[in-house]
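In terms of numbering that gives the first Met the number 0, the sequence shown opens at residue 0 and continues consecutively.
C-beta: ideal position from N, C-alpha, C; glycine also.
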Amino acid sequence: MVSIIILNHNNKEIITKCLDSVIKYSKNMEYELIVVDNRSTDGSLELLKTLYKDKIILLENSVNGCASGRNIGLRKAKGEYVCFLDSDQFVLQENWLISALDILKNHPEIGAVGWTGGWLNNDFVSGPIFDDYNDFFGFKGNCFTGVTYLGTGGMLVKKEVVDKAGGFDEKFDPAFFEDTDFSFNICKAGYKLCICRQIHINHVPHQTTKNLDFNEIFYKNQTIFHNKWCNDEKKDLIKTLPLINKILVISFYNPFNGCGGQRPVAFVNEAISHDNEVMFVFESGSDMGNISDFPLFSHPKLKLLQHISGTDKYKRINADVDEVLTENEILKNWKPDLVLAHVPVEGLFDLFSHAAQLGINTLYDQMDKWDAFPNDIFGKKESEYVKSALCCTSITDALIKENKKRYNINFIKIPNAVYDDFCMKSMPTFDEYKKRCSRKRKKIIYAGALWAGWFDWKLLEYSVKNCPEFDFIIIGGAEAADEENADDDMFLNINHLRKYPNIIFTGPLRHDKLPEYYRDANAAIIPFISNDITKPCSPIKYYEYISSILPVVSTEIDDLCSLPFVSIAKNGENLYEDFVAKLRLAAQKEISLTEYNDLVNFISVNTWSNRYEVMTWAPSIIAIESRGQKYSFFA
Numbered sequence: 000m001v002s003i004i005i006l007n008h009n010n011k012e013i014i015t016k017c018l019d020s021v022i023k024y025s026k027n028m029e030y031e032l033i034v035v036d037n038r039s040t041d042g043s044l045e046l047l048k049t050l051y052k053d054k055i056i057l058l059e060n061s062v063n064g065c066a067s068g069r070n071i072g073l074r075k076a077k078g079e080y081v082c083f084l085d086s087d088q089f090v091l092q093e094n095w096l097i098s099a100l101d102i103l104k105n106h107p108e109i110g111a112v113g114w115t116g117g118w119l120n121n122d123f124v125s126g127p128i129f130d131d132y133n134d135f136f137g138f139k140g141n142c143f144t145g146v147t148y149l150g151t152g153g154m155l156v157k158k159e160v161v162d163k164a165g166g167f168d169e170k171f172d173p174a175f176f177e178d179t180d181f182s183f184n185i186c187k188a189g190y191k192l193c194i195c196r197q198i199h200i201n202h203v204p205h206q207t208t209k210n211l212d213f214n215e216i217f218y219k220n221q222t223i224f225h226n227k228w229c230n231d232e233k234k235d236l237i238k239t240l241p242l243i244n245k246i247l248v249i250s251f252y253n254p255f256n257g258c259g260g261q262r263p264v265a266f267v268n269e270a271i272s273h274d275n276e277v278m279f280v281f282e283s284g285s286d287m288g289n290i291s292d293f294p295l296f297s298h299p300k301l302k303l304l305q306h307i308s309g310t311d312k313y314k315r316i317n318a319d320v321d322e323v324l325t326e327n328e329i330l331k332n333w334k335p336d337l338v339l340a341h342v343p344v345e346g347l348f349d350l351f352s353h354a355a356q357l358g359i360n361t362l363y364d365q366m367d368k369w370d371a372f373p374n375d376i377f378g379k380k381e382s383e384y385v386k387s388a389l390c391c392t393s394i395t396d397a398l399i400k401e402n403k404k405r406y407n408i409n410f411i412k413i414p415n416a417v418y419d420d421f422c423m424k425s426m427p428t429f430d431e432y433k434k435r436c437s438r439k440r441k442k443i444i445y446a447g448a449l450w451a452g453w454f455d456w457k458l459l460e461y462s463v464k465n466c467p468e469f470d471f472i473i474i475g476g477a478e479a480a481d482e483e484n485a486d487d488d489m490f491l492n493i494n495h496l497r498k499y500p501n502i503i504f505t506g507p508l509r510h511d512k513l514p515e516y517y518r519d520a521n522a523a524i525i526p527f528i529s530n531d532i533t534k535p536c537s538p539i540k541y542y543e544y545i546s547s548i549l550p551v552v553s554t555e556i557d558d559l560c561s562l563p564f565v566s567i568a569k570n571g572e573n574l575y576e577d578f579v580a581k582l583r584l585a586a587q588k589e590i591s592l593t594e595y596n597d598l599v600n601f602i603s604v605n606t607w608s609n610r611y612e613v614m615t616w617a618p619s620i621i622a623i624e625s626r627g628q629k630y631s632f633f634a
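Rendered as structure tokens:
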């Protein structure tokens, strides 16, 4: 039998959804349902007594406490297994616990299985939480051990393990760190922890703690936790991930060059903001005249190095004196903690592979489908990078699926994103958004490279010609790097379109100037020709558009189909008509405050700062598995 323990504190609005879902989907399981009310004052206790008197075992706690409340439930529990749920969680389907039960029955070394969990670094500071990153790590549907702690909401544990771990420490009441402490005690008792994403529940975050003084309670309990566990005797019990201090970034273009994409530049920016030291190594000589305009050019934490072709030497670019470093000086003297390659540059492969041979964590980050590009800029050495990398990431599901067939390796999905400070500048208030919507003449915006061969000039002209009631603002650079195959007819296209009175070409703008244009627009477009390059891409401009609450109209791009606030014009003979029809609807679209808040929440987790955390932690997590240390997978 399973004893399901749920806490309630002033959750009248959500507790019924939680309980009803458990009752509905647990018919095939022997269980008892225990609800502990933590001194509610909103009428929810009376509701529980009335609506569920024959369906639950109702217990009352004299205080509001997660640890004390669960201990009250545990003392009453009769099941061989105990499942903890939070009142802001709900069950999704039948047999929702079957996988977790199978793990505990078949793996005696595992004491608890959780729906979510996380890691700490060696300073006992919180690292990634799986609840936030499950879409990126690529472990969906898998179960694995090696995490530092499990979240109590959605945890299944053997009752005998609870007894050995000693229950919950009530010093952590009312909330925070009681689940981490309980997890550590399970490990101390000799068991492993396991995350299982096949526990079929969902979560409406922070509903159970929304009325607490988060900062005061969190930091108080963090101090209690540190005092209890941060000593040499106990540290060896805890599975931690290493700190990242020095990062070597490998790319083709220098970080000022827009042709290199924002992804490596975003990573450098985030690394510097996290106080990491960064060595950025690049190959191309394009656009070197303006490299000193890169905002971080003179930052003391950044070393910019250009590879000297045909050698193992690297010239320092952002130094007052001539400085040349060898590969040995970079890898053995500077000693990076992580080496990250954003593109498969043939000339820099030895640096990457030798880092892997030295045991340095290496990550290959696939930014695009390189084989689809018409030119051979990088030397097409991707398979060697993949083989050498400890961990591989990619931007879309389509590329990950293709990579699995090609390399027989599970890549981790990390889509593109938007800068936090860009969001702050770009995002309108709801009142500003409403005012923008009331404008009679709408503004349509595009920002991006115009020289790329996949830009659909005919679609743009069709839209401008057939939507004379809209103004089109086109922002973008018209010059490609020397290595790129630029569209020879591009300037002719621009001059041709200028005959229409409702289109403006601004030319290239600095990235930090874009928010003022975005805030003033009504809709955004991604007019790409659908091909092997564009269909599996992850457009950075989508996330930037959404940060301004701009509805997006795009041609077919696989990754956009499942994302919010975007309309996809389908390929076919009516593509242009479909695009314009969707554009008219998007320009007139007006959303509610609830929908506005949903978009704000969506963009808040799709930032480069969040992506940076995943990219820096992922190789360490994979390293634990690949080196056979405390990490294992189950089918």
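Restricted to the region 264-338, the beta strand (DSSP E) segments that are unbroken, complete and at least 3 residues in length are 276-281, 301-306, 312-315, 323-325, listed in chain order.
By the neighbour-count criterion, in which 16 or more other beta carbons inside 10 Å mark a residue as buried, residue 584 falls on the exposed side. Here DSSP, grouped into helix, strand and coil, assigns residue 456 to helix.
The beta carbons of residue 194 and residue 113 sit closer together than 8 Å. The alpha-carbon of residue 220 is positioned some 53 Å away from that of residue 506. Note that the C-beta distance between residue 10 and residue 43 is below 8 Å.
Check the Cα spacing between residue 225 and each of 558, 179, 345: the tightest is with 179. For residue 71, same chain residues with a beta-carbon under 6 Å away, outside a window of 5 residues either side, are 35, 58, 60 in chain order. Judged by DSSP secondary structure, residue 49 falls within the alpha helix (DSSP H) whose first and last residues are 43-50. Approximately 5 Å separates the beta-carbon atoms of residue 608 and residue 419; this is inside 8 Å, confirming the contact. Every beta strand (DSSP E) of 3 residues or more that sits fully in the region 365-430 is shown, in chain order, as 390-393. Put simply, the backbone Cα of residue 85 is about 13 Å away from that of residue 32.
For residue 498 and residue 413, the gap between their C-alpha atoms comes out near 42 Å. Per the Cβ contact rule, the region 281-291 is in contact with the region 301-310 (3 or more Cβ pairs under 8 Å).
The closest CA to that of residue 53, considering only 22, 315, 411, 557, is found on 22. For residue 30, the enclosing beta strand (DSSP E) has its first and last residue at 30-37.
Note: residue 597 is not bridge-paired with any residue in the DSSP secondary-structure output.
Beta-bridge pairing by DSSP links residue 446 to 474. By a beta-carbon distance limit of 8 Å, residue 64 contacts residue 172. Their separation comes to about 3 Å. Annotation: the continuous alpha helix (DSSP H) that includes residue 489 extends over 489-496. Under DSSP, the beta-bridge partners assigned to residue 361 are 338. Residue pairing from DSSP leaves residue 585 without any beta-bridge partner.
C-alpha of residue 351 to C-alpha of residue 338: approximately 7 Å in a straight line. Here residue 614 carries a helix assignment [DSSP, helix/strand/coil]. The C-alpha of residue 455 is placed about 10 Å away from the C-alpha of residue 461. Residue 248 is positioned such that its CB atom lies closer than 8 Å to that of residue 277.
When DSSP assignments are scanned along the region 128-202, the uninterrupted stretches of alpha helix (DSSP H) that are 4 or more residues long and fall wholly within it turn out to be 129-136, 158-164, 177-187. In this chain, the beta strand (DSSP E) harbouring residue 506 covers 502-506. Note on residue 359: 16 or more other CB atoms within 10 angstroms of its CB, so buried under the neighbour-count rule.
Residue 465 sits close to residue 579, with the two beta carbons spaced by under 8 Å. When the five nearest sequence neighbours on each side are left out, the beta carbons in the same chain lying within less than 7 Å of the beta carbon of residue 368 are those of 398, 531, 532, 535, in order along the chain. Counting the other Cβ atoms within 10 Å of the Cβ of residue 318 gives fewer than 16, which makes it exposed. Sixteen is the threshold: when 16 or more other Cβ atoms of the shown chains lie within 10 Å of the Cβ of residue 8, as they do, the residue is buried. The C-beta separation of residue 526 from residue 458 comes to about 5 Å, placing the pair in contact by the 8 Å criterion.
Contact between residue 148 and residue 182 holds: their C-beta atoms lie close to 4 Å from each other, under 8 Å. At least 8 Å separates the beta-carbon of residue 311 from that of residue 336.
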